[in-house]
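First up is the structure itself, then whatever we jot down about it.
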Amino acid sequence: MSISIARPLAALALLLTFATPAQATSTSSQVTETVVKAGRILDLTITSPLINVPGKVRLLLPPGYSKTSTRRWPVLWLLHGGGGGYTDWTAQGDADAIVGGRDVLVVMPDTGTCSGYMDWKDPAIPPRKWESFHMGELYDLLKNEYRADDRQAIAGLSMGGGGAIGYAAHFPGRFRAAASFSGALDLDYPGKPGLPAMVAIQSGALSCGVTVEQIYGPVGGDYWNHYNPAHLVDQLRGTKLYIATGDGQAGQDPSGVGNPLLVDPVEQSVYGMAAQFTDKLGELDIPVRVRFKPFHRHDWVNWQGELRRSIDFLLDA
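Here the sequence shown stands for residues 6 to 322, numbered as in my numbering.
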């Protein structure tokens, strides 16, 4: 059996560029609103010096929502994956239907196709301070202008799965629950099953026209480790955690999910990362809800299903 490695390498490279924590700061910005679906979907374009590109954010509004209300709404952040964008969770993930009439403000921010949920290390690169933008400027904007409450949860797929866990770890107590769907949870993952993390990290940096060190700092150094969810496990204590991934093996489950002939090396890699990550949680007696699913792959069938399964877990935290 032969498989193409080029595409999985690109996919894994994109999912591994994630969650680069730093101090969140607020700066002045300009905000433009675009109504996509009256009373339901609102898109924001935010001009910020933190990211040097227009920051896109999609809001899924709860029933009865008003910016001028005296009340506040709990918040669910949904983070997209590498190569994706801020519209993915409504366009492909069925978030509108899954959330339904629940009383929650859903926030779906963009992070670019390659830059990840991180502040890049090298100050010579035009600003790509995505974590500072999301967890500082956007977080404050939502509270000050869009009636966001302190009750917040976060989830993401692939690159966004690592981002969700990274944000929760670097802002302890901010998120009552955090979920990773096929997330990249260990930068030091050696491979087998799947591809080594470093292969994808190098490929991702090359695709962005920069070096690994410009993004992460020296491999294995303090900056690198500060970005690696596997090194942040103890900071997740007190946060409700949900970790889900397929195993990427060839085959089909009873419902027909999977491919009977081909493995998925990207999902195999995140499966290996998730197994190591949840083992570390267990060693520290940190509770986690785990779903390891035979034959599930790195696709929207997987991620949409996990949002359906975890939505009450996230919102009831």
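Positions of the beta carbon are idealized from the N, C-alpha and C atoms, including for glycine.
Annotated as distal: I220 and W135, with beta-carbon spacing of 7 Å or more.
For the pair M278 and D193, the CB atoms are not nearer than the 7 Å cut-off. With contacts defined by Cβ atoms closer than 7 Å, S185 and I170 form a contacting pair. DSSP, read as helix, strand or coil, puts G168 in helix.
Boundaries of the beta strand (DSSP E) harbouring S185: A182 to F186, taken from the DSSP string.
In this structure G167 is in contact with G188, their Cβ atoms being roughly 5 Å apart against a cut-off of 8 Å. If you compare the alpha carbons of S212, A174, G253 and D48 with that of N230, the shortest gap goes to A174. At a Cβ-Cβ threshold of 7 Å, E272 and G253 count as neighbours. Taking 7 Å as the cut-off, the beta carbon of W94 is found no closer than this to the beta carbon of R152. With a beta-carbon spacing of about 22 Å, L289 and A160 fall beyond the 8 Å limit used to define contacts.
Taken atom to atom, the span from the alpha-carbon of N57 to that of R133 is near 7 Å. Inclusion of L110 and V80 in the CB contact set at 7 Å is warranted, their separation being smaller than that value. A Cβ-Cβ distance of about 4 Å is found for the pair A182 and A158, placing them in contact under the 8 Å criterion. If you look at F297, you'll find it in the beta strand (DSSP E) that goes R294 to K298. If the five residues before and after T283 are omitted, its C-beta is found closer than 7 Å to the C-beta atoms of I248, V293 and V295, all from its own chain and listed in chain order. DSSP, reduced to helix, strand and coil, places L81 within a strand of the structure shown. Cβ-Cβ distances below 8 Å link Q35 to I51 and T52 in the same chain, with the five nearest sequence neighbours on each side left out; the list follows chain order. Runs of alpha helix (DSSP H) with 4 or more residues, each lying fully within the segment 210-253, are found at 217-221 and 227-232, listed in chain order. Bridge pairing for D108: absent [DSSP]. Beta-bridge annotation (DSSP): E38 is paired with L49. Beta-bridge pairing by DSSP links D155 to no other residue. DSSP places A160 within a strand segment (E or B) once states are collapsed to three. Bridge partners of K61 according to DSSP: T50. Contact between S137 and L55 is confirmed by a C-beta separation of about 5 Å, below the 8 Å threshold.
One Cα belongs to A43, the other to D321, and the distance between them is close to 27 Å.
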